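By the count of the numbering used here, the sequence shown reaches residue 483 at its end, each step adding exactly one.
Below you'll find the structure, written out as structure tokens, and then a few comments.
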Amino acid sequence: MEKTQISFKNNVEFKVKNCYAPLVERLNEYKKNPAIGFHIPGHTRGSAILPQFKNVIGMDALLCDTTDEFDNLGTLHPASGAIKEAMDVASVCYNSKRTFFITSGSTISNLALAFGVISPEDEIIVARNSHRSVLTGTILTGSKPYWLMPKKLEDWAIYGSIQTSDLTEKLKNNRNVKFVWVTNPTYEGVVSNIREIAEICHFYKVPLIVDEAHGSLWNFHEDLPTSALKLGADAVVHSLHKTGGALTQASMLHLGKNSLLDENKIEHALKLLHTTSPSILLLASLDAARASLSSDEGRQLIQNAIDNAKFFREQASNIAGVSVLGEGSRVNFDVTKIFLKVRGLTGKRLESVLELDFNIEVESASDEGVLILSNIGNTRAEFEYLLLAIKQIARNNYPDLSHLENVKFMPLTEPNTVMTPREAYFSPKERVKKEDAIGRVSAEVVALCPPGISVLLPGEIISEDHIPYLSEYTEIDVIRE
Ligand SMILES: Cc1ncc(COP(=O)(O)O)c(C=O)c1O
Numbered sequence: 003m004e005k006t007q008i009s010f011k012n013n014v015e016f017k018v019k020n021c022y023a024p025l026v027e028r029l030n031e032y033k034k035n036p037a038i039g040f041h042i043p044g045h046t047r048g049s050a051i052l053p054q055f056k057n058v059i060g061m062d063a064l065l066c067d068t069t070d071e072f073d074n075l076g077t078l079h080p081a082s083g084a085i086k087e088a089m090d091v092a093s094v095c096y097n098s099k100r101t102f103f104i105t106s107g108s109t110i111s112n113l114a115l116a117f118g119v120i121s122p123e124d125e126i127i128v129a130r131n132s133h134r135s136v137l138t139g140t141i142l143t144g145s146k147p148y149w150l151m152p153k154k155l156e157d158w159a160i161y162g163s164i165q166t167s168d169l170t171e172k173l174k175n176n177r178n179v180k181f182v183w184v185t186n187p188t189y190e191g192v193v194s195n196i197r198e199i200a201e202i203c204h205f206y207k208v209p210l211i212v213d214e215a216h217g218s219l220w221n222f223h224e225d226l227p228t229s230a231l232k233l234g235a236d237a238v239v240h241s242l243h244k245t246g247g248a249l250t251q252a253s254m255l256h257l258g259k260n261s262l263l264d265e266n267k268i269e270h271a272l273k274l275l276h277t278t279s280p281s282i283l284l285l286a287s288l289d290a291a292r293a294s295l296s297s298d299e300g301r302q303l304i305q306n307a308i309d310n311a312k313f314f315r316e317q318a319s320n321i322a323g324v325s326v327l328g329e330g331s332r333v334n335f336d337v338t339k340i341f342l343k344v345r346g347l348t349g350k351r352l353e354s355v356l357e358l359d360f361n362i363e364v365e366s367a368s369d370e371g372v373l374i375l376s377n378i379g380n381t382r383a384e385f386e387y388l389l390l391a392i393k394q395i396a397r398n399n400y401p402d403l404s405h406l407e408n409v410k411f412m413p414l415t416e417p418n419t420v421m422t423p424r425e426a427y428f429s430p431k432e433r434v435k436k437e438d439a440i441g442r443v444s445a446e447v448v449a450l451c452p453p454g455i456s457v458l459l460p461g462e463i464i465s466e467d468h469i470p471y472l473s474e475y476t477e478i479d480v481i482r483e
């Protein structure tokens with residue numbers, strides 16, 4: 003048995019280096035020789051679909067749009083065939099105990115972790131800058147979260163890294179804590195000391211889950227921060243669709259090599275939460291992204307992204323009035339995420355000038371700045387054009403728009419919790435005008451997207467500080483008194 007595993011591993015390692023993508027190969031065979039199908043999807047390989055749509059997305063995509071079960075492609079739950087092989091190859095590549103493919107985004111990876119590992123009323127420690135799916139997990143499970151407040155980078159109005167002293171303190175004072183859940187990197191690329199965080203957690207015999215949704219390139223290049231999978235995390239989430247080159251919604255969930263978590267429980271939770279019609283296109287795109295990133299060509303693409311980012315960061319931070327997060331400061335960061343601000347402009351205004359005057363679309367904008375991703379597909383010429391645009395904007399004194407003055411986009415409020423998220427979620431509610439909500443207990447998840455970090459959760463007192471974050475609300479659900 004051991005021998006078979008060793009030869010499988012060696013064989014797979016050889017194949018991984020050579021762009022082996024079993025599901026992509028199988029899909030290609032299916033596309034060339036499809037059976038006559040009497041099954042879903044009803045568009046029957048594009049024969050019955052709006053012609054304009056067919057023209058827009060192309061016949062090849064429609065030929066491949068199918069789900070698991072059929073045409074010898076394998077199944078996702080339980081894992082079998084080419085789908086299983088693709089996940090096993092990914093597991094070898096990430097050196098994980100187990101890797102699961104997810105077609106409904108890291109949202110489902112996070113929910114499956116919550117549902118799979120947390121029992122009702124468990125006490126857990128959660129970083130407050132977590133994505134709302136982690137927080138929804140607390141509602142689903144009925145757990146009691148203790149919030150870990152990351153350092154605030156006030157000049158940038160964003161959260162920074164996790165303070166390890168704070169984590170130690172919380173674990174020391176709450177001996178019943180069952181899990182610690184952190185997000186790394188932050189949306190803007192700030193990196194925490196995961197090695198130390200994992201050591202602290204394991205000292206207290208508490209498993210660590212890391213939402214590394216925005217770090218899916220890290221496994222593949224040593225000039226990027228080290229993936230939590232290599233630093234002792236028990237579970238790690240990767241949104242391969244965000245920066246890894248997979249199709250939108252495709253995500254991976256990994257268990258660390260020595261994970262303390264129960265793999266069967268997580269698999270079971272996934273089965274309950276995941277769609278029963280997973281898209282083969284999305285699954286194959288995970289196989290393809292992993293194969294590409296592990297190849298020499300993929301490495302070159304990551305190298306380009308790093309080089310372009312370094313070039314842009316250096317040039318942009320030399321423009322008068324322009325600041326780039328991480329340049330000239332001691333913040334640890336992922337170079338490919340460039341958070342930038344221009345003096346005199348809110349991030350939202352900068353975003354709209356870039357879009358309207360230069361036809362440039364950035365990842366997101368906040369009160370302070372815009373987030374630019376140096377992707378594996380961006381070219382140096384695109385970065386040169388972006389630099390030109392930023393230079394012109396910084397020079398030309400674009401006026402800001404006053405209606406944005408009282409709008410806040412990044413939640414930096416301290417929660418004042420009086421009920422667990424689940425208790426509050428299921429309590430009787432009423433809808434009140436947001437001005438009348440001050441002092442009341444929220445019954446809603448308020449999390450502006452992106453980045454989907456919660457401003458308010460059910461069970462938290464609404465204060466005056468929350469009002470600027472509720473610019474899109476006229477009314478809000480509160481617990482009935
Ligand atoms: C840190 C983090 N985790 C999880 C998610 C959810 O990912 P997805 O959009 O793939 O469902 C996001 C989405 O932005 C995120 O920022």
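Built from N, CA and C at the ideal position, the CB exists for glycine as well.
No experiment lies behind these values; they were computed from the predicted model shown.
Since aspartate 336 and proline 227 should fall inside the 8 Å C-beta cutoff, what is the C-beta to C-beta distance between them, to a whole number of angstroms?
Within the sequence shown, the letter at position 334 stands for residue 336. Within the sequence shown, the letter at position 225 stands for residue 227. Right, the Cβ-Cβ distance comes to about 6 Å (below 8 Å), so this counts as a contact.
Judging by CA-CA distance, which residue of Val333, Val434, Arg433, Ala445 is the nearest neighbour of tyrosine 427?
What you label residue 427 is simply residue 425 of the sequence shown in a count that begins at 1. Closest option to tyrosine 427, Cα to Cα, is Ala445.
Would you say proline 460 touches ligand 1, meaning its beta carbon is less than 7 Å from a heavy atom?
In the sequence shown, residue 460 corresponds to position 458, counting from 1. No, the Cβ of proline 460 stays beyond 7 Å of every heavy atom of ligand 1.
Evaluate isoleucine 59 with the Cβ neighbour count: other Cβ atoms within 10 Å of its Cβ, from every protein chain shown; 16 or more gives buried, anything less gives exposed.
Walking along the sequence shown from the start, residue 59 turns up at place 57. Exposed, by the Cβ-count rule.
Please classify proline 187 as buried or exposed, where buried requires at least 16 other C-beta atoms within 10 Å of its C-beta.
Residue 187 sits at position 185 when you count from the first residue of the sequence shown. By the neighbour-count rule (16 or more Cβ atoms within 10 Å), proline 187 is buried.
May I have the straight-line CA-CA distance separating serine 489 from proline 423, to the nearest angstrom?
Absent from the model: residue 489. The displayed extent of the chain is 3 to 483, so no value can be given.
Since glutamate 416 and methionine 151 should fall inside the 8 Å C-beta cutoff, what is the C-beta to C-beta distance between them, to a whole number of angstroms?
As a working note, residue 416 is residue 414 in the sequence shown. As a working note, residue 151 is residue 149 in the sequence shown. Rounded, the Cβ-Cβ distance is 7 Å, consistent with contact.
Counting pairs of beta carbons, one from the stretch 431–449 and one from the stretch 458–476, are three or more of them closer than 8 Å?
Touching, yes, given that three or more Cβ pairs across the two stretches are closer than 8 Å.
If you count every other CB in all the chains shown that lies within 10 Å of the CB of lysine 174, and 16 or more means buried, which is it?
Position 172 of the sequence shown, counted from the start, is the residue given in the question as residue 174. Result: exposed.
Within a Cβ cutoff of 8 Å, which residues of the same chain sit near arginine 482, ignoring the five residues on either side of it in sequence?
In the sequence shown, the residue the question calls residue 482 occupies position 480. Answer for arginine 482: Ser429, Pro430, Lys431, Glu432, listed in chain order.
For leucine 389, collect the residues of the same chain with a Cβ closer than 7 Å to its Cβ; drop the 5 residues on either side in sequence, then sort them by chain order.
As a working mapping, residue 389 is identified with position 387 in the sequence shown. Contacts found: Phe314, Gln317, Ala318.
Answer yes or no: do leucine 75 and arginine 28 have a C-beta to C-beta separation smaller than 8 Å?
Walking along the sequence shown from the start, residue 75 turns up at place 73. Walking along the sequence shown from the start, residue 28 turns up at place 26. Yes, the Cβ-Cβ distance between leucine 75 and arginine 28 is below 8 Å.
Pick helix, strand or coil for serine 456, following the three-state DSSP scheme.
Here residue 456 is taken as the residue at index 454 of the sequence shown, counted from 1. Correct three-state label for serine 456: strand.
Rounded to whole angstroms, what's the CA-CA distance from glycine 349 to arginine 397? Just pull it up for me.
As a working mapping, residue 349 is identified with position 347 in the sequence shown. As a working mapping, residue 397 is identified with position 395 in the sequence shown. Each residue's alpha carbon lies about 16 Å from the other.
Any heavy atom of ligand 1 within a distance shorter than 7 Å of the CB on threonine 215?
Looking up residue 215 in the sequence shown gives position 213. A small correction: the amino acid at residue 215 is alanine; threonine does not occupy that position in the sequence shown. Checking every heavy atom of ligand 1 against the Cβ of alanine 215, one is found closer than 7 Å.
Quickly, what does DSSP pair threonine 154 with across the bridge? List them, please.
As a working mapping, residue 154 is identified with position 152 in the sequence shown. Reading off the sequence, residue 154 comes out as lysine, not threonine. According to DSSP, lysine 154 bridges with Tyr161.
With distances taken from CA atoms, which of Pro453, Leu356, Ala286 is nearest glycine 247?
For the purposes of this step, residue 247 is taken as the residue at position 245 of the sequence shown. Out of Pro453, Leu356, Ala286, Ala286 has the C-alpha closest to the C-alpha of glycine 247.
Roughly how many whole angstroms lie between the Cα atoms of alanine 63 and leucine 373?
Position 61 of the sequence shown, counting from 1, holds the residue named residue 63. Position 371 of the sequence shown, counting from 1, holds the residue named residue 373. Cα to Cα, alanine 63 sits roughly 31 Å from leucine 373.
For ligand 1, I want to know if proline 452 counts as a neighbour, meaning its beta carbon is within less than 7 Å of at least one of the ligand's heavy atoms.
Locating residue 452 in the sequence shown gives position 450, counting from the first residue. Under cutoff, so the answer is yes.
Out of curiosity, what's the CA-to-CA distance linking glycine 107 and serine 145?
For the purposes of this step, residue 107 is identified with residue 105 of the sequence shown, where counting begins at 1. For the purposes of this step, residue 145 is identified with residue 143 of the sequence shown, where counting begins at 1. Their Cα atoms are separated by approximately 23 Å.
Which residue's Cα is closest to the Cα of histidine 216: Tyr387, Leu272, Tyr206, Val238?
Translated into the one-based positions of the sequence shown, residue 216 becomes position 214. Of the listed residues, the one whose Cα sits closest to histidine 216 is Val238.
Which residue from Ser261, Ala84, Ser241, His240 puts its Cα closest to that of alanine 200?
Locating residue 200 in the sequence shown gives position 198, counting from the first residue. Comparing Cα-Cα distances from alanine 200 to each of Ser261, Ala84, Ser241, His240, the minimum goes to Ser261.
Just checking my contact of lysine 99 with isoleucine 127 at CB under 8 Å: how many whole Å lie between their CB atoms?
By 1-based counting over the sequence shown, the position of residue 99 is 97. By 1-based counting over the sequence shown, the position of residue 127 is 125. Rounded, the Cβ-Cβ distance is 23 Å, inconsistent with contact.
With DSSP as the reference, label leucine 137 as helix, strand or coil.
Here the question's residue 137 lines up with position 135 in the sequence shown. Helix, per DSSP.
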